[in-house]
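Residue numbers (the numbering used here), protein chains in the order written: chain E, 898 to 1629; chain S, 898 to 1629.
Positions of the beta carbon are idealized from the N, C-alpha and C atoms, including for glycine.
Remarks on the structure that follows.
Protein chains: 2
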Amino acid sequence: MRVAPAIFCILFFLNDAIGQHPVVYCTNSEIISLKQGISLYPSLSSSFREMKAAVDPFIGKEVDVPLPKDAAGGYTHDKHKANYTLMFNAGLLYQLTGNKEYAELVRKMFLKYAALNPALTKHPQATTNSPGRLFWQALNDANWLVYTGIAFDCIHHYLSVSDRQKIAEGAFKPEVDFFTKDLRNWFDIIHNQALWACAGIGIVGIATDNSDYINIALKGTSLTGKYGFWANLDQLFSPDGYYVEGPYYARYALLPVYLFANALNNKFPQYKVFAYRDSILQKALSCALQQTNLDGSFYGYNDALKDKTFFTNEIVEALNISRKAYGKDITLLPVAKLQSRVTLSKGGMLIASDLATTKNIPAHLAYRSVEYTDGASGDKGGVSILRSGRTDSLTSLIFKYASHGMGHGHFDRLNINLYDNGHEILQDYGAVRFINIEQKWGGRYLPETKTFAQQTIAHNTIAVDGASDFNANENASEQYTPVKLFSNIKEPYIQVVSAAENRAYNGVGLHRTLYMLSLKEYSKPLIVDVFKANSNTVHQYDLPFYYLGNLINTNFRYTYFGNGQTTLGAHNGYQYLWKEAEAPVVKGTMQFTFLQHNTYYSISSLGGDSTSAYFARIGANDSSFNLRREPAYIIRKKGNNETFVNVIEAHGNFNPTTEISANAYPSVKHILLLRDDEQYTVLKIELKQAIIRIAQSNRDTGTKTQHSININGEPINWSGPYTIQIFNQTTD
Amino acid sequence: MRVAPAIFCILFFLNDAIGQHPVVYCTNSEIISLKQGISLYPSLSSSFREMKAAVDPFIGKEVDVPLPKDAAGGYTHDKHKANYTLMFNAGLLYQLTGNKEYAELVRKMFLKYAALNPALTKHPQATTNSPGRLFWQALNDANWLVYTGIAFDCIHHYLSVSDRQKIAEGAFKPEVDFFTKDLRNWFDIIHNQALWACAGIGIVGIATDNSDYINIALKGTSLTGKYGFWANLDQLFSPDGYYVEGPYYARYALLPVYLFANALNNKFPQYKVFAYRDSILQKALSCALQQTNLDGSFYGYNDALKDKTFFTNEIVEALNISRKAYGKDITLLPVAKLQSRVTLSKGGMLIASDLATTKNIPAHLAYRSVEYTDGASGDKGGVSILRSGRTDSLTSLIFKYASHGMGHGHFDRLNINLYDNGHEILQDYGAVRFINIEQKWGGRYLPETKTFAQQTIAHNTIAVDGASDFNANENASEQYTPVKLFSNIKEPYIQVVSAAENRAYNGVGLHRTLYMLSLKEYSKPLIVDVFKANSNTVHQYDLPFYYLGNLINTNFRYTYFGNGQTTLGAHNGYQYLWKEAEAPVVKGTMQFTFLQHNTYYSISSLGGDSTSAYFARIGANDSSFNLRREPAYIIRKKGNNETFVNVIEAHGNFNPTTEISANAYPSVKHILLLRDDEQYTVLKIELKQAIIRIAQSNRDTGTKTQHSININGEPINWSGPYTIQIFNQTTD
C-alpha cells in the first residue's frame, strides 16, 4: 500500500480559516468560463436548459423533507433522493445564473434537514448492519452527503454565518458522526461503500472548511491511513485500474472517486491526486469502459444489473472530470458522443468543445483485447478480454480468473462470457434484483442472488459434484485466487489465455485454456475452449453454457421431459434449474446450434462414454418470479480426469427481411483428442475448410521451454506453452 | 362480387402483335426520366448503387442453375431464389445503363432455365398438394415467374426472336402449363397463392405478348372470371381494404397485386385497375400499414412471423407503385422515410423526390383508431383498433372479430392484442415457424402452428371447456363470423367496441365489450374489458393474457409448483402450457402487475368464488424447442353465466439509468359488479383519483334506445348501448 507522500506535510493548510468557495465541484474561475461556454456549445446549453427545467418548478415552493419511513422505491426514499439532486442542481444554477432564488431554495431545504437530522436514528426499514438514517442503508446517506456537500459549497456565499453553522451542526454533523462513530466499522473499511462515505465526509469537510472531516475522509477515523480515501484507492484498484468488485461496481465507485478527487484537486492541487499511483483514476476509468458491450452496458459478471450502462450519471461525471484532469483522449470521445450530454463543469465544457471541434469521431470506443490484473499489487489473478472484429461485429470473450471480489462476487472461477455483434451470447446471470422497485423486496438484492446467481452452476464454468467453488463460502474464496499460466493477446489471429484453479474443490485441479482463432476462411473467430478437470478420485463435472437464443438444432438425440419437469438438483443453485431434456450418453462430436439476433452460434464439443448433456431452464423454485426464464446447455462428464473441449463459433445469419438464411451450419466437423495427460493435451479440429491442430503443455508453461512429442508417428516440436497448426485443407 | 366493366370490350387488344417493351415494371419514358432521377435524388442513387453492387460480381460469370433438390433454406432453393432476384436486377440495370453485359447475363440464365424447366417434375421435397418444380412449393415457382417475367420484359429488345421463343417455350411455358393444368385446382382459387400465380402468369403474358396468359391471369383458366386476378381482388379484400388473411399475409399479397396492377396499367390503361373497386389497392395498402407497430412490424395475429415489417421489399414496392398510381400521400411518407430506400421505378423516383422536398415529415405513420370490416361485402365481422397517445407512446388495442381467415387463420374469436410504446404487451403468438431455416423442418410451418398457436387457448380470449372455437375445425369456423354489436371510435376520450360470438361453442354465448378510456388524471388510457360468457349449463371458461414482461407483483396468493411442473391440460394446445402456479380461489379485486420495457402494466380483475388463476408458460411437450418460453396469466371461471371484468392499464415507469421507479402501482383500487344479467351489466371501478361507472345494455344495443335502471336506489338513465360516468372524486 502506498501513501501519498505529500499528505503529512500539508496538514497545516487544513487548519486554515474559511477558504475560497465554490471549490468542490467547480471554482470561481471555472464558473466564469462556463457561463460563456453555455452559449457556445450545444451540448452544454442543453444540459443547462434541462437542469433549469428540472429545478424551476420548485422555485418559491415548499419542498417536502419527510420523516424517513420507506424502503427503496417508496415515497420517503425517492423524495430524499430527489431532494439531494434538486439541491445539487439548484446550487449549481445559483452559481451559473446568480439568481438568488436558487440559493434560497437550497437554503430552505438545508434548514429543514438541519431540523430533521439531529433527531434521526436507525432507519425503520434497515435490514443490513450498515443502516442509514435518511435511507434504509448508510450508502444512500453517503450519496446524500456527496450531493448536499456540493450544494452547500455552491451557496456558501449566500448563507449567513449562522445559517452555515446551523447546517453544519444540524444537517451534516449528525450524519458524519453516525458514520464515523456508530458505523465506524463500516466507515473504516476497504469497500465501495466506504469510498462513498469518504467522499461524502471529505466533500462536506471542504465545503464547510472542516479539516477534521477532510483528514478522516482521507485517512480513516484513526487518521493512520489504514482506511479512508487513499487506502481505498490503493487497495480497491489493481495497478492496471481493475476494480476488485468488477465493472458494474467500478461504475458506481468511480463517481465518488472522481467527485472527491476533483474537489481535492481544486482545494489542494499539491496533492496531485490525479497523478496518484501512476494516474490510477485514469486507468480505472479506461478499464471500466473496456468492460462494456457495444450498447454501453457493463459486463454482467458479479452482482451486476445488466441495464447499467456508460450512459449513467456516474460515467458522465467521471468522464467529464477525467477530461479536465487528463486532457483530451480521442479514444474516449465516442463514449462522450454516445452519452450526448455533458455535466455543467469545466470538464463538461471541454468535452462539449471536443465534440464540437473533432471530426470523424468513431461510432464506438476503441475496444481492443486487454488483460487486467486484480489485487492491490496485481497478484490476485485477473480478467482477460479477447476480442476480434470491428465496430458492430465485435466479438468479445471475457475470461475471469480474478479474486472473489468481495460480497458481490460470484463463485465463478474460470468463468467465460461471450458478447457478439453487441449482444450477450453466453451470459452471466448477473444479480437478481429489481433495483428501487418497491414490490420486489424494496428494491434490494433478492435472495436468489445468493442462492442462485452467485452459485457456480449459474455460470459458464465447471461445478464439481453439484457444489459451488469453496462450498460457496465467501471467506474461503477470498483467500485464494486462480493463477494465470500464460497468455498472448498481441497476435490478432491467435489469441490465447490459460489459467488454473486448484483450491475451489478439494483434490480437484481445474485448468482452462481459451484460444481465439481468426481464420481467413471465416468472418468470425473460432473459440477453442480446453477445460481440464483432474483428480485422483471420481467426480461429476458440470459445464453449463447459458446461451441466449433459440435452439435450432442438435446433432444428438435427447429425451425431452414434455409432460412433467423436475429440477436438476436440490442444492447450490441446481434447485432453480428445470431439467428440460437429457441425453444420457453422447459420443463423438456433439453439436448444438442456436440463433440469437439473427446470427447462428454453435458449440461443438468432445463427447464420450462419460459424457451426458442437459437442457435446463432457470425458474424452478422461483415462486416470486424473480428470475428470468432463460436456458442453459449443460455438458456433464464423470471421471477422475476429464477434458472438456468446446469449439464455440458464430457463423452465418438469418435475414428476416429477405428471408435468406446463410451458413446455418457450424464449420466444425469433428473434434479429436489425440493426446491428453498431465503433460500434454493435443487436439485436432476438422473444419469444413481447414484442419487445426493444437498442442499445449499442461505442466511446464514456460515461454521458452522446448517440447517434442510424437502423435501417431508424427513429431510435433515447439517452444513455449502451446503450438497451433492450421492446415488449409478442404475436408469432406 | 364486382367485375371491371371494361374488361370484356377490350379483349381485342390482347390479340395484338408484339407490343412496346419494356412495359411490365417500367416503360420507356419512365426509364428516361429515371436515368435523370438517379443523379438527382440521394435515395434513388443509393438504390442504384446497391443494385449494381449486387449484380456486377456476376457479370461475365457462369451462374449456377441447379437441378432442384433442397427444401427451403437449402442450396438449390436459395440459389433459384437468388437467381430470379439477380435476373430482375440485371434486367433493370440493362434498361438503366444500356450496358449489354447485364442483358447477356439475364439471357444466359434464361437459356439455362429453358433447358432445365421442360424436364422438371414435382419437386422432390414437396409436402403439400401444391408442389412446385423449381421449389418445394408452387408458391415459390410463382415468385419466380413474377421476377423473371419482369426480367424478360427488360431485355426483350436484346433478345433475338429465336431466343424469345426458346425462353417462352422452355423457361415459361412448362411452369405456366403446370400451374394451369396440373395445379388447376390450386390456380383457380381465391387465395394469396393464386394471386401470386395470376401475377406471375399475367406478367409473363405481358412480357411475352401472350394474350392467352393474360386472359387466364385475369379471369381464371376457364376464362369465366370466377377465378383469376379480378375475382381475387373482389373477394380477398373487404370494401375497406382489409385482407382476409390478416396483415402478415396482406403484406405478402400486396406485392403481386401491385406489380401486376402496375404492368396492367402500363399496358392497358383503359382497365383503370388502380380505380377498381373504389381504389381497393390504395385502401388495402393503407389498411395493412395501419396494422403495424411503431417498429414497422405487422400485427402478429393469424399465422404471422413477427419480424416481418414494412421494411420488406413487398411494402417498398407497393408503396412506391402506389405513389405513382395515387399521387403524393403525406400520411404515408413517414413509412417511405423509415424504409430509407426506394425502388428503381417511376414511383420510387417520385417518393425520392417527395423525401427530398418535403419538410417536417413526421416520425411515424399517422396511426389513428380504425375499424375495418371483413369479407368481400364487408359483412363478415372485422377488426377494430382503438388507439390513444401519440408517436412513441402510442397505445394500440386490437380487437379481432373477423372471419376465420383461411388456412392461416387462428381459432381466436374475440381476441385482443395490446401494443404500447412500440412494444408488444399482450401478444398473439403468431405462427410457429423459422422461415427458410433448413434445420427447422425446411423452414416450413412447424406442427405446433396448428397444435398450439392456432388453438384458442393460445390467445387472449375465452376458451370454453378446454376446447377451441369450433373444435378447431377450420371449415366450421369459416361458416360463421362474430357480429359487431356497436362501436364508437370517434370520441378520443371514450372509445368502445362490442362484438358477440354465439357459434364457436354449442350453447355458449360470448360477448366482449372493450372500452378505452383516457382520463385527464392519467397519461395512459384505461382499458376496461367486459367479457360475458353465457350458457344454460355449467362450463369452464379460461381467459388467458399472454403478457410479455417480468412479473412484479400480485395482490393474491398462489401456489408455485417449484419442484415439479405438469401441463395445464392434455389437448387443444393446453398440452404445450406448463402450469407454473395456481390460485384456486381468488375473491375480490385481483391484481397482477408486470414490467415490460421499463413500463409497468397491471391487469385488475373481478374475482369471485368461482374464479381461479394460473400462471402458465409455453414449452411443455415442445421437444424440438420450436416454441418461445413465454408466459401467460390465465383467469378461469366456472359456471353458467360468468362475466370477466378486466381493467388493463399502463402506469408509471422504471428508469434504469436514474434508478427511479415512478407510479409502480395500478391506479385501480376496486372493481365492483353492480348489476349483471341478460339485460344489463353495470360496473363500478374505483381508481385512486376517480370513480368510473359503466352501464351497458346487453340485449338491445340500438343507438337510440332509452334505458332507465335503478342501482341501489339511484336511477341511471341513458340512450344507446352504454353510458359511462366518471366522478373525479379522490377515494382513499
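Any chance the region 1196–1210 of chain S sits against the region 1153–1165 of chain S, with 3 or more Cβ pairs inside 8 Å?
no
Of all the CB atoms in chain E, is at least one closer than 8 Å to the CB of S/I1449?
yes
Cβ-based contacts, 7 Å cut-off: residues of the region 1450–1474 of chain S near chain E:
From the region 1450–1474 of chain S, only N1450, Y1457, G1459, N1460, G1461, Q1462, T1463, T1464 have a Cβ closer than 7 Å to chain E.
Contact criterion: CB-CB distance below 8 Å. Does E/E1072 meet it with respect to chain S?
no
Using 8 Å for Cβ pairs, my map puts S/G1470 next to S/T1378. What's the rounded Cβ distance?
Contact doesn't hold; Cβ gap of about 22 Å is too wide.
If you reduce the DSSP assignment to three classes, tell me which class S/N1625 lands in.
coil
Can you list, in chain order, the residues of its chain with a C-beta nearer than 7 Å to that of S/A1480? Leave out the 5 residues immediately preceding and following it.
F1453, R1454, Y1455, S1509, A1510
In the DSSP assignment, what residue or residues form a beta bridge with E/G1505?
In DSSP, E/G1505 forms a bridge with E/V1483.
Cβ-Cβ separation, E/D1426 to E/L1448 (assumed contact under 8 Å), whole Å:
Rounded, the Cβ-Cβ distance is 20 Å, inconsistent with contact.
Quick check: what's the CA-CA separation for E/W1615 versus E/L1570?
Going from the Cα of E/W1615 to the Cα of E/L1570 covers about 19 Å.
Applying the criterion that 16 or more other CB atoms from any shown protein chain within 10 Å of the CB defines a buried residue, is E/P1389 buried or exposed?
If you draw a 10 Å sphere on the C-beta of E/P1389, you find fewer than 16 other C-beta atoms in it, and that means exposed.
In whole angstroms, what is the alpha-carbon distance linking E/L1080 and S/E1477?
Distance between the alpha carbons of E/L1080 and S/E1477 is about 44 Å.
If you compare alpha carbons, which of E/W1127, E/P1153, E/F1195, E/I1515 is closest to E/V1170?
When only C-alpha atoms are compared, the closest one is E/W1127.
Suppose contacts are defined by Cβ-Cβ distances below 8 Å. Is S/D1050 in contact with S/A1104 by that definition?
yes
Any residues in the region 1511–1537 of chain S with a beta carbon nearer than 9 Å to a beta carbon of chain E? Which ones, in chain order?
F1512, R1514, G1516, A1517, N1518, D1519, S1520, S1521, F1522, N1523, R1525, R1526, E1527, P1528
Note down, in chain order, every chain S residue with its Cβ under 8 Å from the Cβ of E/A896.
Within the shown structure, residues of chain E are numbered from 898 to 1629, placing residue 896 of chain E beyond reach of any answer.
Identify the continuous alpha helix (DSSP H) that holds S/K932 and give its terminal residues.
925–937 is the extent of the alpha helix (DSSP H) around S/K932.
For a cutoff of 8 Å on Cβ pairs, would you count S/K1005 as touching chain E?
no
Does the region 1011–1019 of chain E come into contact with the region 1119–1139 of chain E, if we say contact requires no fewer than three beta-carbon pairs (one atom in each stretch) closer than 8 Å?
no
With a threshold of 6 Å on Cβ separation, who are the neighbours of E/I935 within its own chain once the five nearest residues in sequence on each side are excluded?
L941, S942, F945
Given a threshold of 16 other Cβ atoms within 10 Å of its Cβ, counted over all protein chains shown, does S/I1212 qualify as buried or as exposed?
buried
Give the straight-line distance between the Cα atoms of E/T1434 and E/K1535, rounded to the nearest whole angstrom.
10 Å
Taking only beta-carbon atoms, is S/S1558 less than 8 Å away from chain E?
yes
Sub-8 Å separation of E/T1464 and E/N1550 beta-carbons:
Against a cut-off of 8 Å, the Cβ pair of E/N1550 and E/T1464 comes out as no contact.
Can you round the beta-carbon distance between S/N1217 and S/V1232 to whole angstroms, since I take them to be within the 8 Å contact cut?
Not quite, the Cβ-Cβ distance comes to about 11 Å (not below 8 Å), so this is no contact.
Between which two residues does the beta strand (DSSP E) carrying S/R1284 extend?
1278–1285
Is it buried or exposed for S/Q1462, if we count other Cβ within 10 angstroms and need 16 for buried?
buried
Flag this pair as yes or no: are the beta carbons of S/P1136 and S/G1304 separated by less than 8 Å?
no
With a CB to CB cut of under 6 Å and the five nearest residues on each side skipped, what residues in its chain are close to E/F1331?
K1337
Under 9 Å between beta-carbons, which chain C residues line up against E/D1060? List them in chain order, please.
Structure shown: chain C not included; protein chains present are E and S.
Would the beta-carbon of S/Y1577 fall within 8 Å of that of S/V1393?
Taking the C-beta atoms as reference points, S/V1393 is found no nearer than 8 Å to S/Y1577.
State the DSSP-derived secondary structure class of E/L908, mapped to helix, strand or coil.
Any reading at E/L908 needs caution, since the residue's pLDDT is 40, under 50, leaving its predicted position unreliable; the model's value is listed next. In the structure shown, E/L908 sits in a helix (DSSP, three-state: H, G or I).
Cutting at 6 Å between CB atoms, please list the residues of its own chain near E/R1533, excluding the five before and the five after it.
D1439, S1509.
Applying a beta-carbon distance threshold of less than 8 Å, which residues of chain E neighbour S/F1489?
By Cβ distance, chain E contributes nothing, its closest Cβ being about 11 Å from S/F1489, past 8 Å.
Need the endpoints of the beta strand (DSSP E) that E/N1447 sits in, please.
1447–1451
Could you please give me the residues that DSSP links to S/V1427 through a beta bridge?
S/T1410, S/V1542
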